[in-house]
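Taking my numbering, the leading residue of the sequence shown gets -15, the next gets one more, and so forth. Glycine residues also receive a C-beta, built at the ideal position from the N, C-alpha and C atoms.
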Amino acid sequence: MKKGIHPENYRLVAFKDMSNEDVFITKSTANTSETLEIEGVEYPLVKMEISRTSHPFYTGKSKLVDTAGRIDKFKTKYAKFKK
-15 MKKGIHPENY RLVAFKDMSN EDVFITKSTA NTSETLEIEG VEYPLVKMEI
35 SRTSHPFYTG KSKLVDTAGR IDKFKTKYAK FKK
């Protein structure tokens, strides 16, 4: 490998999915000011809104959207403009 082209702060970092509280540890150069202690070891913490454990593509679960209710509201709201 070439010297001087790789980041110096490549270290183990804890990533926390805030939607389901899942935590996983991987190497990263992400800057963070928070830390998290796991099994007696303190890691820099990066908070995420969504990860592989909560994203519908990976979990196979999709959120139920009330499309029928939206359509009914639309029809009743604009029924008065119907000729």
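- Burial state of A14 is exposed, judged by a 10 Å Cβ sphere holding fewer than 16 other Cβ atoms.
- Taking the C-beta atoms as reference points, S38 is found no nearer than 8 Å to S12.
- Collapsing the DSSP output to three states places K31 in a strand.
- If you draw a straight line from the Cα of T60 to the Cα of R54, it comes to about 10 Å.
- A Cβ-Cβ separation of about 11 Å leaves T10 out of contact with P28 under the 8 Å criterion.
- For L(-4) and K(-14), the gap between their C-alpha atoms comes out near 22 Å.
- Nearest Cα to D6 within the set V25, K31 and K64: K31.
- In the assembly as shown, A63 is an exposed residue. Its beta-carbon has fewer than 16 other beta-carbons within 10 Å.
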